[in-house]
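J.:
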Amino acid sequence: MKLSLLAFFVAWSCSSPALAREIFQWVDKNGQTHLSDVVPAEYSKTAKRINSGNFEVSPEELKAAQIRANKEKEFAEAARRAREGAQAKPSDKKAGQTAAPTPSKETLTTCEQKIAAFKKSEECFQPFRVKNGTVKAQAYEKCTVAPNPYTDCERPIAR
221 MKLSLLAFFV AWSCSSPALA REIFQWVDKN GQTHLSDVVP AEYSKTAKRI
271 NSGNFEVSPE ELKAAQIRAN KEKEFAEAAR RAREGAQAKP SDKKAGQTAA
321 PTPSKETLTT CEQKIAAFKK SEECFQPFRV KNGTVKAQAY EKCTVAPNPY
371 TDCERPIAR
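Residue numbers for the sequence shown, in the working numbering: 221 to 379.
1. Return the CA-CA distance between Arg288 and Glu262, expressed in angstroms with no decimal places.
2. How many Å lie between Pro369 and Ala337 at the Cα?
3. In whole angstroms, what separates the C-alpha of Ala319 from that of Ala302?
4. Measuring only the C-alpha atoms, how far is Asn352 from Glu280?
5. Go to Lys362, then tell me how far its beta strand (DSSP E) extends in each direction, as first and last residue.
6. Return the CA-CA distance between Asp257 and Glu242, expressed in angstroms with no decimal places.
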């Protein structure tokens with residue numbers, strides 16, 4: 221979504237001011253607000269011209285957006301590579317590559333502790349959950365928030 225928005229602003233900022241059109245805003249009979257360069261005849265008297273100059277992107281803003289987009293692309297690419305590496309099977313590995321080291325007993329214990337604390341936290345918060353997914357404020361007085369351990373630890377296989 222961010223990249224498509226960035227692409228829109230890049231294309232928009234590169235367009236010639238001579239090609240720029242006036243933009244109008246009006247509210248239709250159903251109360252919907254519309255923005256367009258073409259106003260239906262029935263709303264021509266109530267339409268207001270919008271100063272699109274407020275939305276122009278400066279060269280500094282454009283450069284900063286391009287830098288952010290490149291960083292996000294790099295992050296997404298690194299995440300994709302990590303996902304593919306985690307999903308790779310030993311038979312998929314090329315000759316000469318070694319399998320990932322098995323986690324130490326200390327790591328397993330730490331993960332087990334993190335998972336146990338997370339489950340305990342979830343059980344404590346459960347009675348305070350509302351239908352829309354939010355949590356009542358009283359829950360934070362009685363329950364301890366435990367971070368999701370599955371960002372660092374593998375999920376146990378359900379049997």
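Backbone N, C-alpha and C define an ideal beta-carbon position, used for all residues, glycine too.
These numbers were taken from a predicted model, which means no experiment stands behind them.
T.: Straight from the coordinates:
1. So the two alpha carbons sit approximately 43 Å from each other.
2. The alpha-carbon atoms of Pro369 and Ala337 are separated by roughly 9 Å.
3. With a pLDDT of only 47 at Ala319, under the threshold of 50, the placement of this residue in the model should not be trusted; the figure read from the coordinates follows. Annotation: Ala319 to Ala302 spans about 14 Å, alpha carbon to alpha carbon.
4. Between the C-alpha atoms of Asn352 and Glu280 there is a straight-line separation of about 41 Å.
5. The continuous stretches of beta strand (DSSP E) do not include Lys362, which lies in the alpha helix (DSSP H) extending over residues 359-362.
6. Spanning the two alpha carbons is a distance of roughly 6 Å.
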